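Novice: Below is the structure I would like to discuss, written out as structure tokens.
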Amino acid sequence: MRLRTAATAATSVLGAATAGLAAGRYIADAVLRPVRLRPDGGSAPPAGFENTRLTVHSHGSGKIAVTRSLVARLPGTYALTARGTHAVVGRVLDAARAGTGEGGDLPVGDGHAVVVRELERVVRGRLEPGSTVRLTPQIHTGDPEEALGIPFEDVRIPGELGALPGWLAPGARNTWIIAAHGLRATREQALVVFPFYRRHHLPVLALAHRGDPGAPRPAGGINRLGDVEWRDLEAAIRYAMGRGAHRVILHGWSTGAAMALHAAAESELREHIAGLVLDSPVLDRKHTVRALAEARGTPQYLLPLVLRAALGRAGLSPGELSPVVDPARLDVPTLLLHGPADTIASWDDSRALAGARPELVSLHTVAEAPHAAMWNADPHGYEEALRRFITPLV
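Heads up: the sequence shown begins at 1287 in my numbering, then just goes up one per residue.
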């Protein structure tokens, strides 16, 4: 009996290990594989926005009613997307019950609890009652001219693995902004700050790094959470210096922020970096992979195995992960934009970094903002923090 019990237990352990390994590889492929564009130009949701589906109940007169949920009530400006559809919604106006006469002059709904938001514009497609949409922080689609009317140049940046596409919006100053997007996003993520930097006459180079559409494929087809991608950011710095830049400010989101930190510490061109803007930085890779696995419903008992397998798939040994940043080595002014509602990148690590180097690091806290959605939650506050930070640097 004892032998049978031991054999059953061993089989269960082996089964769990095998399941954990398989789940880890699946999670790695699901969350660490670079984003791919659909034929209609859309893409998978960025990290942290995988579970944001909403139902459209009605819309009209500059308002839209969607399923009531915590996601639907997020403050700020977001997009609603579906295949072939992209719309921008603003502030929350009301939480009501469709069909009761509440929520203004919206068309009659179906009796479901709804959240009413401003409907700022429909960029493409149609919002049909009953259709399913996904809320995302990526409010702009297309290139800078299509999305914002900002002239730009398509450039090719010589990189370690091959040519990297980039959008270069001109400016009169000789300090350039180099923007690096985050996990499961594209360079369209940077478009929210293009108008701000344009008003301040700063050239902006938005980089497509390895694995992005049109860029070289990374080794193994997996994102390394900034550990190697930072070399593409270094290539962009070299390109900027060759085009007349005197200095650069690196503006990164999520893993793009980790890339900026690596470049500031390790690049042979780091002397040209005037400052860092870090939005929702991934400073603890184990925390981020675990959070992404949990977001996909991974059972708690499998999480340690999934974490090991996923990090191994990305070529990152859990026992040998060095910190993304050593506060003692940070030597450039840094603006941290982050908040406690971020479930993907550790808010505690951002606070610790700011606390370790208060003479260099400014922390702008954004409440109720999901991962890499700091601008969306508070555009005015975000841009005011940016203005105060860059003024002495340019």
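Beta carbons: idealized from backbone N, C-alpha and C, even for Gly. These figures come from a predicted structure and were not determined experimentally.
What does DSSP give as the partner residue(s) for H1650 in the beta ladder?
Specialist: The bridge partners DSSP lists for H1650 are L1623.
Novice: Are there 16 or more other CB atoms within 10 angstroms of the CB of H1264, so buried, or fewer, so exposed?
Specialist: No information on residue 1264 is available, as it lies outside the stretch 1287 to 1680 that the chain covers here.
Novice: Taking all protein chains shown into account, do 16 or more other C-beta atoms lie within 10 angstroms of the C-beta of N1337, making it buried, or fewer, making it exposed?
Specialist: A residue is called buried when at least 16 other Cβ atoms come within 10 angstroms of its Cβ; N1337 does not meet this threshold and is exposed.
Novice: To the nearest angstrom, how far is it from the Cα of A1551 to the Cα of T1353?
Specialist: 46 Å
Novice: Quick check on L1564: buried or exposed, where buried means 16 or more other Cβ atoms within 10 Å of its Cβ?
Specialist: Residue burial annotation: L1564 is buried, with at least 16 other C-beta atoms found within 10 angstroms of its C-beta.
Novice: Could you say if the region 1360-1371 and the region 1436-1449 meet the contact criterion of at least three C-beta pairs nearer than 8 Å?
Specialist: no
Novice: Rounded to whole angstroms, what's the CA-CA distance from R1319 to G1497? Just pull it up for me.
Specialist: 8 Å
Novice: I think F1482 touches A1455, with their Cβ atoms under 8 Å apart; what is that distance to the nearest whole Å?
Specialist: Actually they are not in contact, since the Cβ atoms of F1482 and A1455 sit about 11 Å apart, beyond 8 Å.
Novice: Counting only runs of 3+ residues fully inside the region 1437-1471, write out the beta strand (DSSP E) ranges in chain order.
Specialist: 1439-1444, 1449-1455 and 1461-1466
Novice: Give a single yes or no on whether G1334 has its beta carbon closer than 7 Å to a heavy atom of the ligand ZN.
Specialist: Absent from the structure shown: the ligand ZN. Ligands present: none.
Novice: Measure from the alpha carbon of A1614 to the alpha carbon of each residue in L1589, E1520, W1633 and V1647, then state which is nearest.
Specialist: V1647
Novice: Quick check for students: name the residue ranges of the alpha helix (DSSP H) that lie wholly in the region 1565-1634, counting only runs of 4 or more.
Specialist: 1571-1581 and 1589-1599
Novice: Can you tell me which residues form a DSSP beta bridge with A1373?
Specialist: L1366 and V1408
Novice: In three-state DSSP terms, what is L1318?
Specialist: Correct three-state label for L1318: helix.
Novice: Would you give the residue range spanned by the beta strand (DSSP E) that A1333 belongs to?
Specialist: No beta strand (DSSP E) holds A1333; DSSP gives it neither H nor E.
Novice: Would L1356 be called buried (16 or more neighbouring beta carbons within 10 Å of its own) or exposed?
Specialist: exposed
Novice: Please name the residue or residues paired with I1559 in a DSSP beta bridge.
Specialist: V1534
Novice: How about V1568 and S1540: are their beta carbons less than 8 Å apart?
Specialist: yes
Novice: Can you look up H1426 in the DSSP assignment and give me helix, strand or coil?
Specialist: coil
Novice: Smallest Cα separation from V1534: which of L1602, Y1587 and P1619?
Specialist: It is P1619 whose Cα lies nearest to the Cα of V1534.
Novice: Going by other Cβ atoms of all chains shown within 10 Å of its Cβ, with 16 needed for buried, is N1460 buried or exposed?
Specialist: With fewer than 16 other Cβ atoms within 10 Å, it is exposed.
Novice: Give the secondary structure of L1434 by DSSP, where H, G and I count as helix, E and B as strand, and everything else as coil.
Specialist: helix
Novice: What does the Cβ neighbour count give for D1518, buried or exposed, with the cut at 16 atoms within 10 Å?
Specialist: The residue in question, D1518, is buried, as its Cβ has 16 or more Cβ neighbours within 10 Å.
Novice: Is DSSP giving T1304 helix, strand or coil here?
Specialist: helix
Novice: By Cβ distance below 8 Å, which residues in the same chain neighbour R1484 in space, the five residues on each side in sequence not counted?
Specialist: For R1484, the CB contacts under 8 Å within the same chain, skipping 5 residues up- and downstream, are I1436, A1455, G1457 and V1490 in chain order.
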